[in-house]
Structures are given as C-alpha cells and as structure tokens.
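In UniProt numbering, the protein residues as written are 7 to 849.
Below: the structure, in structure tokens.
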Ligand code: ARG
Ligand code: ZN
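Listed below in structure tokens is the structure:
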C-alpha cells in the first residue's frame, strides 16, 4: 500500500498528555496507557483511528467507561466525544518474541525499544505520526536494576521507576530500557550553568569500552553550544549500548539507544575508523536534540529535514575535531560509493520522496548524505553569516513544531531575501546531475561554459536545470593561483562565465571542495590533471586530480590492455613522499576508485563491465605502484610508525592510515612477511586488522585468522570484523564459497544484524566475488535475505539493495541475478519491506 506526500492531512485530535505504565515480562508485558485527547482545531476530519499492530487489546475506556473499539491488524477506531476526553487502554505484547527489533524487544536479557519510524504502534494504540506531539509520563514496573525512559527521573522504588518528559514529542522518540546494566557517569555543565548528569549504560564487562563515548558526548554538547548556540534541556542524558539493533543509533529524547558497534570502543578492540565513526554518531544523535526533537518532521516524507541537517552538522563537527580536508574527501568517497549508485539505479528517489510503501526503506544515502550535501550547497550559496542567521531564525520560529522542507526554505528566504524556488528542485528531483565543461581562451578572456543534464530516473523522465554552486580557482602555468576560489552560480542548462585579463591560458581547478553533488564530465588532459595533482591549492581538487588519473589509467587498462600510467605513478610518488603533507591526506591519495565505481564508469561509456577484468586492472595497478615505489616504501613505513601511546586522534590515525596503505603495497612485494610481523607485534586493533587484511588479500592469512579467532572469540564486535574481513578482502573466486562456509560457523548468529551484515554485507562489498560469473554470490545472498526476511524484514530489505546495480552486467549475470530476485519476489509471505525493494529493482 502506497502513501503519498500530497495526501497529507492533520490528525483530527491533539494529544495533551500521555501516561504509560509498563509491567515488564518477556512473553506478556502489559502496557497501560492514558491519553488526553482534544479535537484539533486545525483539522476537519474527526475520524478517531489509533495505530496498533501485533497488540493484544485487553480493555479500553473513554472517560472511565469501558468501550469496545473496532480492531484490525493495523489499529482501532471508535466513537469518541466531540470535546476533550481521556482514552485508556491496556494491551499485552511479547518482547521476547519480537525478532523484528522494532517496538519493544529484548536483546541479551535486556528490554529496549526502537520506535522510529513507526514502531510505537507495536507498543500500544496511538496516533503514531510525527506531527502528534505530547508530553509523556512513564512508570516502569520490573525487578531489573536499571529502568530508564525519556526525560527526567522521578520517584524510584523497589521494582519500579518513573520518568517524566516535559518536552512535547512525537511517539517515534519514545524509549524504554530495562536491564542489568552498568554506567560510566560524568557531568556536563551547560553554558548557562545547568548541571546535566551523563550516563553511558552497557552490559557488565563492557565498561572498559565507554570512555571514548562519554568524551565524544561532552565534545558534542560543547560544540553545539559554541557553533549553533544550542544547549541541552534536561537534567540527564542517557545513552545505552545494545547488541541487537537494526541501525546505527537512535536519538530518543534524553535516552539515546545505540548499536553497540556505534558506541563501544577500546584501543584493543576498535580501529581508528571505529573511533572516528563513534565520535560522529554520538554527535549526530546528540545534535538531533535540536534538529529532530525540538523541531521535528511533519510527516515521514520530510525525513531529510532532520537527517540531512543533522548529518551536515555532524560533518561540520568532525571537520572541526579533526582535519576538514580529510573529512571532506572521505565524505565524497562515501557519497560516490553509496549515494551515486542509488541515485543512478532503480532505487533512485528524491531527497524528499513523494511516495513510499515502507518508510524504513527510505533511510537511505540519498535522504541522509545527499540531504546533507543540499544543505552544504545552501550554505555556500548564502554564505556563512547568512547561514547562521537563517538557523537562528529556524530555531526561534519553529521550536516545538513539526515542520516541512517548505518551512526550512522559507527561513532561508526570509533571512536572506533570496528566492529559493529553483533551489527547491534539489529536494524533488532525483538523479545525479552531470556537468560538462568547455574552456575558451580568446584575447585575454578566459571563458568556462558549463552544461548540466540529469539522466531520467524511475518516475521522472524530464529533468529541469538545478542551481549548481560551482567553486572554481584558476592557476597559471607556473603553478601560481591567479584566481582564488570563486563561486559560480549556475542556474541554466548551459551557462558561460568569463574571467577577463588573463595573461595566459590558465588551468582550471573545478568544483573545488566538491561544491555540488554532481558527476563532473571534464575531459581535461592528462597533463592538466598531473599539473593540478602537483599544484592545486584546494585539497579536494588535488585529490580528485589524482583520482581521475587513476580512473583513466584503470579504464585504459581494462579497455585497451595498456600498462598502468607511469607518469601518474611518478607524480603520485612525489606527493606521497612529501613530508610536508598530512599523512592522512597522503593515504587518501593512495586509495583507488572502487571496483563498483569503475563498473559504473564503464557502464556509462556503453561498455558492459566485466568484474574480473576490473579486479585484475586494480591489482595490476597496485602491483605496478608497489614495484615503482619499491625504493621508498621502507622509509614511508618508518614515517608512518607511531611511537607514542595509542590515541585515536587525527594525527595518529592519519599515520596509521598511511602505514596501512604502504603495507598493502609491501605485501605485494614480499608475499606477507611485513604483514605477518605487524600482525604479531600489533598492540592495537588498527594495526592488527590492517595486517590481517593485507594477509587475507595475499591469501596468506590462515594462521593469522586462527590466532585472531582464538584471541577474540569472546568479543562480538571483534568477531564481526573477523567474519567480515575474510570475505570482503578474499580473492573473488573464493569469496562466495568462503561466505557459505562461514554461515556454518557456530558463531554465525544470523539474527544479530551486525553479524548478518558482517557476513552478507562483506560478500556484497567484494565486487568481483559477489558478481562471480556462476551466480553463486547472488544465490547465497538471495537465500539468506529470504531467510532473514521472515524474522527481521527491515534489515533484510536494507541489505537487498546490494542488487541495485544488477542490470549493468552481462546477459548471463543478469539472468542469474534476475532469477534470484524473482524467486525472492514470488516467495509466499514476503514482507512488505522486501516486496517494495525487490519490486523497485525488478522495475
Ligand atoms: N533517526 C536515526 C538516526 O539517523 C535512525 C533510525 C532509523 N531507524 C529505522 N528503523 N528506520 O539517527
Ligand atoms: Zn539521524
């Protein structure tokens, strides 16, 4: 069943207050609700429908009198007074049997909740929509020692606890946790002097992994005060780590719930990348307190209102905490790896979708990451000061409201006087715009002519020109910057910009900082790219010059069987050995375009990508790199060595990233000797795992994998890494069989989303392995998606997107992928989540 943005109407009633009592029991939890309703003056339709799914209704009352509502598997309706009234209900639910991990469920004996987007309806009958906001009082009855809910704590006694949340909120922000938990506690004093108690709750035994999370929380709280002027608004802030969780984390008011992989960290068990990701996710969830909770979404079509903005804010935070250029380049890599394929395939949808069947299928890279890019463009266009002014106005005008993208843009229009009607297309038009450029140098006028087109996407045949902020700098042939970064504002399908008085033809540095999320089709000469690689002042563009040389070399070796581009390797070598450059940046320079990206490039050239040939091309480029850099690798490895005690900061992480890239090359020369030594001597997970990865790639990891398993079999998060790495980096020919073998491993607890993703996500991430010609990769994934769908449709459906590029490949592969998808689609009892995803991919 499809829902449409255009059909929005407000609910017929407002909710003034909610009282909830939980009597916790694994198979028969009672939820007693008392909800104060009043007719909504802003609505005309007075139908009284409360969502409710998988609930056993015990009794219901209106103003104290027993009623018998009409109940379906979607909710209840009943006759109600036309004046304010109190609706009470008692329902029974079974958290221990909730394998979908949505609503109230159990994880390792602990009760927890996940209500976004529409999980509250599995807890009790309620208008489960974000535009219905209310204050909540919660009483929890249970013998478990720790009982938590939203807001501030109230009276606590033997076997019960009470919580009171003074801030009106939609039901999706409700949370409850009960279990045998321990906390690392701290205190934060807000800028205006209020004391906030901070707790990070974990299972006993995980306490040594909580320091980083608490520190990240304090940094986030301070940053939001300093940069956005936003203070926290309750007496306590609780975070809980949960092992079974469908997503990364959830911003429930005052009680954030995290996938343990997104919050627990220690140097022994977590990599530098884990530390950085945790810091960012803690910040993200914390920032939601203002962008999401105090100002929420009117309906789920507006999801990007809170997610795009909050991702943008957490990127700013990471840029401030670490290196801004490194963060920007990493974000571009992630966008191209995850959002571009989505936007250029059958799952393409606008940042603000106009219809959906299952909203959980729209927590996508497009809504989140492209949503954040759109805000970045807006900020570039209006400037930093106007952005701050607009945000102040947003918080002032809409605090306590459930808003739309129209509200958001209006704030910018009012704060800046700018007309954003055309800019709004970024929210409604799907697909990745392609930007091409022509240069002309006449007299002393240098002219850039841009053309933009967006290929058709599902449901959108015609595309209109979008507003593109194009940041450009010009360099003189001697390497000087003659025109520093200038923002060109493109609004037409084709548009020219002239720079007068140029003494000689400059080399353009285009789309600096990746100023718009487009594909730049710029056929610059190899010489110009090499020039930019050596001289560009913008770190992103400099990195991109190298990327584009690498891409060109790889494509040529695939199509024309040419040798790797030696000039590129030599230019890059100079850069990578330049001690003046940040090691993290040098590591990024060494990373190559993904095989998936190369497949897309070939596909766009009208060539059917051959995954094995792509894999071979990448391998031979890396071999050539190793050979040509043989003389400098030992010195680079030495430079990457960290002698200080482990710290996951930008400086040390950057060195280790460089070291890891260098080790990858060394392993191609020594067959694994250096990697074995590093594996044996590693005193932190980053070094250990990068060595293990190098060994897996070299197919020399048997002993190391066994030792790693013995050492870490008691740590679920580390074992996820063990499962993942040996599939992700396996030689493609063996990846499917190894996946199959690992599904038989006793520790393959496939109902745990992290473990399922570690195995199946890694198979999907091994490009040539997943697309192995005999279809084994497709079959394994299809089989397991089908199995998981019966228990946890949300995670299964999300993982199904691994098939989103299936139509790119040759007839044989296509036939096999199609057969797998069709088998899935026709399965009796398939979830709505999965049916929607597979249906869209089959077209
Ligand atoms: N709002 C959460 C976040 O981005 C994501 C939760 C989404 N959950 C879901 N089941 N779709 O921080
Ligand atoms: Zn979020």
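We put the beta carbon where it would ideally sit given N, CA and C, even for glycine.
Between residue 148 and residue 26, the beta carbon gap of about 14 Å keeps them out of contact (Cβ cut-off 8 Å). Across the set 542, 267, 243 and 55, the C-alpha of 243 shows the shortest separation from the C-alpha of residue 257. Contact holds between the segment 377-389 and the segment 514-533, because three or more Cβ pairs, one in each stretch, are under 8 Å apart.
Counting only the Cα atoms, residue 270 lies some 38 Å from residue 22. Per DSSP, reduced to three states, the secondary structure at residue 132 is strand. Taking the Cα positions, residue 245 is about 7 Å away from residue 264.
With a 10 Å radius around the Cβ and a threshold of 16 neighbouring Cβ atoms, residue 65 comes out exposed. If only uninterrupted beta strand (DSSP E) runs of at least 3 residues are considered, those enclosed by the UniProt domain "Aminopeptidase N-like N-terminal" (23-179) are 35-45, 55-57, 62-68, 81-83, 91-99, 109-113, 116-120, 140-147, 152-155, 158-163 and 166-175. Leaving aside the five residues that flank residue 494 on each side, the residues in its chain whose CB is nearer than 7 Å to its CB run, in chain order, 476, 478 and 503. In the DSSP secondary-structure assignment, residue 496 is bridged to 474. Annotation for residue 699: 731 and 735 place their beta carbon closer than 7 Å to its own, counting only its chain and skipping 5 residues before and after.
For residue 451, the enclosing beta strand (DSSP E) starts and ends at 451-459. Using a 10 angstroms sphere on the CB of residue 184, the tally of other CB atoms reaches 16 or more, which defines it as buried. By the Cβ test, the segment 182-201 is not in contact with the segment 281-296, since fewer than three Cβ pairs between them sit closer than 8 Å. Annotation for residue 796: the continuous alpha helix (DSSP H) segment containing it runs 782-797. For residue 433, the secondary structure class from DSSP, reduced to helix, strand or coil, is helix. Residue pairing by DSSP places residue 192 opposite 204 in a beta bridge. Contiguous beta strand (DSSP E) elements confined to the segment 504-550 occur at 513-515 and 525-527, taking only those with 3 or more residues.
Here residue 357 really is in contact with residue 433; their C-beta atoms are around 5 Å apart, less than 8 Å. Per DSSP, reduced to three states, the secondary structure at residue 724 is helical. Taking 6 Å as the cut-off, one finds at least one heavy atom of the ligand ARG near enough to the beta carbon of residue 256. The three-state reading of DSSP puts residue 186 in coil, since its state is none of H, G, I, E or B. Just measuring C-alpha positions, the residue of 814, 584, 701 and 376 sitting nearest residue 314 is 376.
Rounded to the nearest angstrom, the gap between the Cα atoms of residue 373 and residue 636 is 44 Å. The C-alpha of residue 259 is placed about 29 Å away from the C-alpha of residue 67.
Residue environment for residue 290: buried (at least 16 other C-beta atoms within 10 angstroms of its C-beta). For residue 316, the shortest separation between its Cβ and any heavy atom of the ligand ZN lies below 6 Å.
Per DSSP, residue 264 is one residue of the beta strand (DSSP E) stretching across 261-265. A Cβ-Cβ separation of about 3 Å places residue 660 in contact with residue 590 under the 8 Å criterion.
Residue 306 and residue 810 have their C-alpha atoms some 23 Å from each other.
Taking all protein chains in view, the Cβ of residue 107 is crowded by 16 or more other Cβ atoms within 10 Å, so the residue is classified as buried. Out of 172, 151, 146 and 145, the CA that lies nearest to the CA of residue 158 is found in 172. In the structure shown, the three-state DSSP call for residue 765 is helix.
Secondary structure at residue 479: strand, using DSSP grouped into helix, strand and coil. Nearest to residue 728 by alpha-carbon distance, out of 711, 741, 740 and 743, is 711.
Rounded to whole angstroms, the gap between the alpha carbons of residue 541 and residue 607 is 27 Å.
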